[in-house]
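*Asks:* Pasting a structure here, questions to come.
2 protein chains.
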Amino acid sequence: MSFKNFKCVPKIIFGRGSFVQLDSVLAAERKTDDDFVVFLVDDVHRQRPLANRIPTHNGDQVIYVNVDDEPTTDQVDGLTEQVQTVSHKAPVSVVGIGGGSTLDLAKAVALMLNNAGGSAQYQGWDLINHAAIHHVGVPTVSGTGAEASRTAVLCGPVQKLGLNSDHTVFDQILLDSELIAGIPKQQWFYTGMDCYIHCIESLNGTFLNEFAKAYAEKAMLLCREVFIDDHADKDDKLMMASFMGGMSIAYSQVGACHAVSYGLGYVLGYHHGIGNCLAFNVLEDFYPEGVAEFRAMMNKHNIVLPTNICKDLPDQTIAKMVAVSKSMGPLWENVYGADWQNKVTDEMLTQLFRRI
Amino acid sequence: MSFKNFKCVPKIIFGRGSFVQLDSVLAAERKTDDDFVVFLVDDVHRQRPLANRIPTHNGDQVIYVNVDDEPTTDQVDGLTEQVQTVSHKAPVSVVGIGGGSTLDLAKAVALMLNNAGGSAQYQGWDLINHAAIHHVGVPTVSGTGAEASRTAVLCGPVQKLGLNSDHTVFDQILLDSELIAGIPKQQWFYTGMDCYIHCIESLNGTFLNEFAKAYAEKAMLLCREVFIDDHADKDDKLMMASFMGGMSIAYSQVGACHAVSYGLGYVLGYHHGIGNCLAFNVLEDFYPEGVAEFRAMMNKHNIVLPTNICKDLPDQTIAKMVAVSKSMGPLWENVYGADWQNKVTDEMLTQLFRRI
Numbered sequence: 004m005s006f007k008n009f010k011c012v013p014k015i016i017f018g019r020g021s022f023v024q025l026d027s028v029l030a031a032e033r034k035t036d037d038d039f040v041v042f043l044v045d046d047v048h049r050q051r052p053l054a055n056r057i058p059t060h061n062g063d064q065v066i067y068v069n070v071d072d073e074p075t076t077d078q079v080d081g082l083t084e085q086v087q088t089v090s091h092k093a094p095v096s097v098v099g100i101g102g103g104s105t106l107d108l109a110k111a112v113a114l115m116l117n118n119a120g121g122s123a124q125y126q127g128w129d130l131i132n133h134a135a136i137h138h139v140g141v142p143t144v145s146g147t148g149a150e151a152s153r154t155a156v157l158c159g160p161v162q163k164l165g166l167n168s169d170h171t172v173f174d175q176i177l178l179d180s181e182l183i184a185g186i187p188k189q190q191w192f193y194t195g196m197d198c199y200i201h202c203i204e205s206l207n208g209t210f211l212n213e214f215a216k217a218y219a220e221k222a223m224l225l226c227r228e229v230f231i232d233d234h235a236d237k238d239d240k241l242m243m244a245s246f247m248g249g250m251s252i253a254y255s256q257v258g259a260c261h262a263v264s265y266g267l268g269y270v271l272g273y274h275h276g277i278g279n280c281l282a283f284n285v286l287e288d289f290y291p292e293g294v295a296e297f298r299a300m301m302n303k304h305n306i307v308l309p310t311n312i313c314k315d316l317p318d319q320t321i322a323k324m325v326a327v328s329k330s331m332g333p334l335w336e337n338v339y340g341a342d343w344q345n346k347v348t349d350e351m352l353t354q355l356f357r358r359i
Numbered sequence: 004m005s006f007k008n009f010k011c012v013p014k015i016i017f018g019r020g021s022f023v024q025l026d027s028v029l030a031a032e033r034k035t036d037d038d039f040v041v042f043l044v045d046d047v048h049r050q051r052p053l054a055n056r057i058p059t060h061n062g063d064q065v066i067y068v069n070v071d072d073e074p075t076t077d078q079v080d081g082l083t084e085q086v087q088t089v090s091h092k093a094p095v096s097v098v099g100i101g102g103g104s105t106l107d108l109a110k111a112v113a114l115m116l117n118n119a120g121g122s123a124q125y126q127g128w129d130l131i132n133h134a135a136i137h138h139v140g141v142p143t144v145s146g147t148g149a150e151a152s153r154t155a156v157l158c159g160p161v162q163k164l165g166l167n168s169d170h171t172v173f174d175q176i177l178l179d180s181e182l183i184a185g186i187p188k189q190q191w192f193y194t195g196m197d198c199y200i201h202c203i204e205s206l207n208g209t210f211l212n213e214f215a216k217a218y219a220e221k222a223m224l225l226c227r228e229v230f231i232d233d234h235a236d237k238d239d240k241l242m243m244a245s246f247m248g249g250m251s252i253a254y255s256q257v258g259a260c261h262a263v264s265y266g267l268g269y270v271l272g273y274h275h276g277i278g279n280c281l282a283f284n285v286l287e288d289f290y291p292e293g294v295a296e297f298r299a300m301m302n303k304h305n306i307v308l309p310t311n312i313c314k315d316l317p318d319q320t321i322a323k324m325v326a327v328s329k330s331m332g333p334l335w336e337n338v339y340g341a342d343w344q345n346k347v348t349d350e351m352l353t354q355l356f357r358r359i
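Taken in sequence, the protein lines are chains A and B.
With the working numbering as the guide, the letters of the first sequence map in order to residues 4 to 359.
With the working numbering as the guide, the letters of the second sequence map in order to residues 4 to 359.
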């Protein structure tokens with residue numbers, strides 16, 4: 004048996020209003036006059052006050068990224084080239100400011116600036132050869148755990164799969180709960196549910212150990228304080244839930260919901276948050292208590308999921324989703340154990356997708 | 004307002020039996036034939052099976068350390084010199100194997116090998132100039148949180164005070180719950196209570212934020228599973244409680260119990276674990292619920308604390324303890340807020356010590 008040597012984010016700033024300290028964090032990386040920083044910022048912030056608070060210095064690049072669709076390997080390669088075109092020198096830091104997609108883009112660009120040949124070839128586990136550029140994550144949406152994880156999930160030419168490596172992990176994260184206030188309610192809910200679902204998948208998985216369990220149990224309690232109790236400190240609590248959910252997954256694995264959601268997302272383009280909710284809502288056989296509580300949370304917040312999305316799709320479209328979902332070996336192993344291949348049948352998956 | 008940029012342990016192995024992976028962890032640091040590792044090992048292990056499992060290679064130094072008394076700056080300086088005498092080259096890693104005292108010795112020696120002039124001059128906050136040698140923590144007693152903290156507490160010529168710095172933090176910890184099985188019951192209890200007390204002090208402190216709170220709340224629940232429920236996985240749970248308690252403190256601060264215990268420990272030589280228990284037992288005015296639950300845990304495990312330790316001590320001995328305790332500004336600020344100096348009177352402290 005081999006034990007995972009878990010690489011965590013080594014530096015964390017947590018606190019309401021702590022965004023003001025981003026400048027001093029980056030100052031430690033700026034050593035010569037031509038050192039510069041690249042800020043990758045979710046373009047929803049272009050018209051918001053945060054745009055004026057980005058601590059830029061001479062020579063820095065601020066690049067607004069569109070994440071209406073899930074990040075792709077092409078997008079990462081394009082951004083990497085854009086950074087390289089402006090300066091022959093590499094930046095001293097890449098800062099991602101946004102939700103999970105933007106954070107994953109920042110991680111991927113920081114990696115690709117030091118690893119040649121296009122990001123698609125690094126989709127998988129531990130294929131990265133060289134350490135990334137120093138990179139910083141500043142979440143403005145909470146739930147995915149991207150701030151804590153060792154992956155950057157990308158849609159590539161043949162698959163949706165992450166750049167999973169120790170080098171992917173942020174060098175620094177800054178968790179300022181003021182930044183997640185005021186996001187659209189549906190996005191808040193769907194992204195928050197990603198965290199809740201992480202916990203359910205982790206706690207019901209075969210990979211669970213006491214480390215992952217402690218984090219997942221606490222993240223789940225925090226989710227309940229946010230989505231059931233409507234706690235006064237819910238922004239801080241959701242930020243911690245997302246981080247702790249990510250810490251749990253880093254030492255365990257997601258499960259059936261993410262496997263189904265990946266199929267849905269890759270073929271139909273559903274974003275990760277809503278895709279997970281659509282998938283989770285048909286998984287009562289896998290996670291009965293979790294799905295029941297999830298539906299109660301939807302009720303409380305008047306969230307209505309789209310229905311009949313897959314009911315009338317052509318068989319070959321469903322077959323493609325089934326194939327993508329089935330290819331998620333580690334996720335299904337977490338659900339069923341080593342014997343998963345006997346249990347994850349085309350028929351079972353087809354039935355699930357048809358109900359979405 | 005300034006927010007702490009919290010340096011965490013960047014690499015963590017967790018799991019029963021994971022000690023076998025220490026060799027491969029160290030292999031990554033060994034680059035040339037004359038690279039060597041220093042193992043600082045609590046001397047209780049000298050006659051135990053663990054002694055034969057230490058993954059030594061040619062040129063490595065295994066140094067058994069005695070921690071019957073709390074670690075001192077002299078001890079650290081002596082160990083540092085011992086390492087330097089054997090080889091003109093620095094080790095590639097310093098590995099601490101033992102309880103909190105041994106882990107603190109390992110942290111301190113790793114620092115002092117790169118920072119000249121004796122450890123006493125670095126007692127305080129952020130006085131370390133140069134990064135430490137790569138250092139690894141392998142706890143064999145759980146509770147203090149030394150595996151997660153940015154301090155190495157030492158008794159020096161004028162004070163008991165830690166080497167507090169980002170460089171103090173371990174580069175790697177290995178949490179193998181098999182290693183904490185079979186320690187003497189009193190030591191198990193007193194050290195475990197250090198974790199419980201951390202949580203109480205953190206959760207009742209003025210420095211608390213949601214990060215520290217989430218960790219302390221979970222660590223406290225884990226302590227209850229260990230010390231009240233007698234859970235089947237109690238070794239794993241205590242190991243996680245200790246780690247999470249340490250993570251909580253790193254972002255908050257200890258409180259009245261540690262301040263009193265430091266006075267007791269410095270003047271009378273009580274070890275940290277039992278010292279905290281002695282102090283906590285007279286702090287019902289500060290932490291009523293915590294002290295009540297602590298006493299219930301003592302009852303359950305038939306732990307009987309020594310009594311009347313300070314009752315008949317000379318006034319000047321008590322005055323010395325009071326002075327040491329009073330000097331712990333940040334701890335008292337965590338208890339009372341900015342106004343602490345008006346509240347921490349000699350009289351109040353004297354009364355507390357006389358009851359111990």
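Beta carbons: idealized from backbone N, C-alpha and C, even for Gly.
Among the candidates B:Glu350, B:Pro333, B:Gly81, whose CA atom is the shortest distance from the CA of Asp342 (chain B)?
*Replies:* Start at 1 with the first residue of the second sequence, and residue 342 (chain B) comes out as number 339. Among B:Glu350, B:Pro333, B:Gly81, the Cα nearest to that of Asp342 (chain B) is on B:Pro333.
*Asks:* First and last residue of the alpha helix (DSSP H) that includes Leu114 (chain B)?
*Replies:* Your numbering for residue 114 (chain B) matches position 111 in the second sequence. Segment 103–115, the alpha helix (DSSP H) holding Leu114 (chain B).
*Asks:* I'd like to know whether the C-beta atoms of Leu43 (chain A) and Gly99 (chain A) end up nearer to each other than 8 Å.
*Replies:* Working through the first sequence from its first residue, we reach residue 43 (chain A) at position 40. Working through the first sequence from its first residue, we reach residue 99 (chain A) at position 96. Using a Cβ distance threshold of 8 Å, Leu43 (chain A) and Gly99 (chain A) count as a contacting pair.
*Asks:* Would you please state the rounded distance, in angstroms, between the beta carbons of Ser205 (chain A) and Ser255 (chain A)? I believe it to be under 8 Å.
*Replies:* In the first sequence, residue 205 (chain A) corresponds to position 202, counting from 1. In the first sequence, residue 255 (chain A) corresponds to position 252, counting from 1. That belief holds up - the Cβ atoms of Ser205 (chain A) and Ser255 (chain A) are roughly 5 Å apart, short of 8 Å.
*Asks:* For the candidate residues A:Asp45, A:Gly276, A:Phe246, A:Met250, whose alpha-carbon lies nearest to that of Leu106 (chain A)?
*Replies:* Taking the first residue of the first sequence as position 1, residue 106 (chain A) is located at position 103. Out of A:Asp45, A:Gly276, A:Phe246, A:Met250, A:Asp45 has the C-alpha closest to the C-alpha of Leu106 (chain A).
*Asks:* Measuring only between beta-carbons, confirm whether Lys221 (chain A) sits less than 8 Å from chain B.
*Replies:* Within the first sequence, residue 221 (chain A) is the residue found at index 218, counting from 1. It does; some Cβ of chain B falls within 8 Å.
*Asks:* Taking 8 Å as the cut-off, does the segment 16–31 of chain A touch the segment 184–197 of chain A (at least 3 CB pairs, one atom from each stretch)?
*Replies:* no
*Asks:* Do you know whose CA, among B:Leu211, B:Asp239, B:Ile203, lies nearest Met223 (chain B)'s CA?
*Replies:* For this step, residue 223 (chain B) is matched to residue 220 along the second sequence. Here the closest residue by C-alpha is B:Ile203.
*Asks:* Suppose the cutoff is 7 Å on Cβ atoms and the five residues either side in sequence are ignored; what does the same chain contact list for Ser251 (chain B) look like?
*Replies:* In the second sequence, the residue the question calls residue 251 (chain B) occupies position 248. Here the set comprises His201, Cys202, Ser205, Ala215, Tyr218, Ala219, Ala222.
*Asks:* Looking only at C-alpha atoms, which of B:Leu178, B:Trp335, B:Leu286 sits nearest to Met247 (chain B)?
*Replies:* Start at 1 with the first residue of the second sequence, and residue 247 (chain B) comes out as number 244. Taking only the C-alpha atoms, the option nearest Met247 (chain B) is B:Leu178.
*Asks:* Check whether the Cβ atoms of Leu241 (chain A) and Cys260 (chain A) lie closer than 8 Å to each other.
*Replies:* Here residue 241 (chain A) refers to the residue found at position 238 when the first sequence is read from its first residue. Here residue 260 (chain A) refers to the residue found at position 257 when the first sequence is read from its first residue. No, they are not a contact pair.
*Asks:* Kindly identify the DSSP beta-bridge partner or partners of Pro142 (chain B).
*Replies:* Here the question's residue 142 (chain B) lines up with position 139 in the second sequence. In DSSP, Pro142 (chain B) forms a bridge with B:Gly101.
*Asks:* Is Phe2 (chain A) near Gly121 (chain A), with beta carbons less than 8 Å apart?
*Replies:* Given that chain A is displayed from residue 4 to residue 359, the structure contains no residue 2 (chain A) and the question cannot be resolved.
*Asks:* Starting from the C-beta of His304 (chain B), find all residues in its chain whose C-beta is less than 6 Å away, skip the five residues before and the five after it, and write them out in chain order.
*Replies:* Taking the first residue of the second sequence as position 1, residue 304 (chain B) is located at position 301. Excluding its 5 nearest sequence neighbours in each direction, His304 (chain B) has C-beta neighbours in its own chain below 6 Å: Phe192, listed in chain order.
*Asks:* I'd like to check one pair, Leu166 (chain A) with Ala111 (chain A): are the Cβ atoms closer than 8 Å?
*Replies:* What you label residue 111 (chain A) is simply residue 108 of the first sequence in a count that begins at 1. What you label residue 166 (chain A) is simply residue 163 of the first sequence in a count that begins at 1. By the CB criterion at 8 Å, Ala111 (chain A) and Leu166 (chain A) fall inside the cutoff.
*Asks:* Starting from Val327 (chain B) and walking both ways along the alpha helix (DSSP H), at which residues does that stretch end?
*Replies:* Along the second sequence, read from residue 1 onward, the residue named residue 327 (chain B) stands at position 324. Here the alpha helix (DSSP H) through Val327 (chain B) covers 318–329.
*Asks:* Exposed or buried, what is Gly272 (chain B) when buried is set at 16 or more other beta-carbons lying within 10 Å of its beta-carbon?
*Replies:* Working through the second sequence from its first residue, we reach residue 272 (chain B) at position 269. Gly272 (chain B) is exposed by the Cβ-count criterion.
*Asks:* If you reduce the DSSP assignment to three classes, tell me which class Tyr339 (chain B) lands in.
*Replies:* The residue labelled residue 339 (chain B) in the question sits at position 336 within the second sequence. Here Tyr339 (chain B) sits in helix by DSSP.
*Asks:* Could you name the residues of the segment 4–32 of chain B whose beta carbon sits closer than 9 Å to any beta carbon of chain A, in the order they occur along the chain?
*Replies:* Met4, Ser5, Phe6, Lys7, Asn8, Phe9, Lys10, Cys11, Val12, Pro13, Lys14, Ile15, Ile16, Phe17, Gly18, Arg19, Gly20, Ser21, Val23, Gln24, Ser27, Val28
*Asks:* Taking only beta-carbon positions, decide if Asn167 (chain B) is within less than 8 Å of chain A.
*Replies:* Position 164 of the second sequence, counted from the first residue, corresponds to residue 167 (chain B). Output row for Asn167 (chain B): interface = no.
*Asks:* Using a Cβ-Cβ cutoff of 9 Å, what residues of the segment 200–217 of chain A are near chain B? List them in chain order.
*Replies:* Asn212, Glu213, Phe214, Ala215, Lys216, Ala217
*Asks:* Are the beta-carbon atoms belonging to Val95 (chain B) and Val40 (chain B) less than 8 Å from one another?
*Replies:* The sequence position of residue 95 (chain B) within the second sequence is 92, counting from 1. The sequence position of residue 40 (chain B) within the second sequence is 37, counting from 1. Against a cut-off of 8 Å, the Cβ pair of Val40 (chain B) and Val95 (chain B) comes out as a contact.
*Asks:* Would you kindly work out how many angstroms separate the C-alpha atoms of Cys313 (chain B) and Val325 (chain B), rounded to a whole number?
*Replies:* Along the second sequence, read from residue 1 onward, the residue named residue 313 (chain B) stands at position 310. Along the second sequence, read from residue 1 onward, the residue named residue 325 (chain B) stands at position 322. Answer to the nearest angstrom: the Cα atoms are 12 Å apart.
*Asks:* Fully enclosed by the segment 152–220 of chain B, which beta strand (DSSP E) runs are 3 residues long or longer?
*Replies:* 156–158, 163–167, 175–178
*Asks:* List the residues of chain B that Asp232 (chain A) touches, going by C-beta distances under 8 Å, in chain order.
*Replies:* Reading the first sequence from its first residue, position 229 is the one you call residue 232 (chain A). Ordered by position in chain B, no residue passes the 8 Å Cβ test against Asp232 (chain A), which lies about 14 Å from the chain.
*Asks:* Is any non-hydrogen atom of the ligand GTP found closer than 7 Å to the C-beta of Asp63 (chain A), if you look at the structure I gave you?
*Replies:* The model depicted lacks the ligand GTP and carries no ligand whatsoever.
*Asks:* With a threshold of 8 Å, are at least 3 pairs of Cβ atoms found where one atom belongs to the segment 61–73 of chain A and the other to the segment 15–25 of chain A?
*Replies:* no
*Asks:* Let me make sure I understand the geometry here. Which of B:His48, B:Gly249, B:Asp197, B:Leu157 has the alpha-carbon closest to that of Ala184 (chain B)?
*Replies:* The residue you call residue 184 (chain B) lines up with position 181 of the second sequence. Cα-wise, what sits closest to Ala184 (chain B) is B:His48.
*Asks:* Helix, strand or coil for Leu64 (chain B)? Go by DSSP, reduced to three states.
*Replies:* Along the second sequence, one-based indexing puts residue 64 (chain B) at 61. Looking at the sequence shown, residue 64 (chain B) is not Leu but Gln. Gln64 (chain B) falls in the strand class under three-state DSSP.
*Asks:* Determine whether the Cβ of Lys346 (chain B) lies closer than 8 Å to any Cβ atom of chain A.
*Replies:* Taking the second sequence and counting its residues from 1, the one referred to as residue 346 (chain B) is at position 343. No - not a single Cβ of chain A is within 8 Å of the one on Lys346 (chain B).
*Asks:* Give the interface partners of Asp129 (chain B) over in chain A, defined as CB-CB distance under 7 Å, in chain order.
*Replies:* Counting from one through the second sequence, the residue named residue 129 (chain B) turns up at place 126. Within 7 Å Cβ-Cβ: nothing; Asp129 (chain B) doesn't reach chain A, min ~14 Å.
*Asks:* Apart from the five residues just before and just after Asp38 (chain B), which ones in its own chain have a Cβ nearer than 6 Å to its Cβ?
*Replies:* Against the second sequence, residue 38 (chain B) aligns to sequence position 35. Same-chain partners within the cutoff: Val95.
*Asks:* Could you list the residues in the segment 243–258 of chain A with a C-beta less than 9 Å from some C-beta on chain B, going in chain order?
*Replies:* Met243, Ala244, Phe246, Met247, Tyr254
*Asks:* So, helix, strand or coil for Asn284 (chain B), using DSSP?
*Replies:* Here the question's residue 284 (chain B) lines up with position 281 in the second sequence. Residue state, collapsed to three classes: coil.
*Asks:* Jot down the residue ranges of each uninterrupted beta strand (DSSP E) in the segment 12–84 of chain A, minimum 3 residues, whole runs only, in chain order.
*Replies:* 14–17, 40–45, 64–68
*Asks:* Residues of chain A with CB closer than 7 Å to the CB of Asp236 (chain B), please, in chain order.
*Replies:* Translated into positions along the second sequence, residue 236 (chain B) becomes position 233. What Asp236 (chain B) touches in chain A: Glu213.
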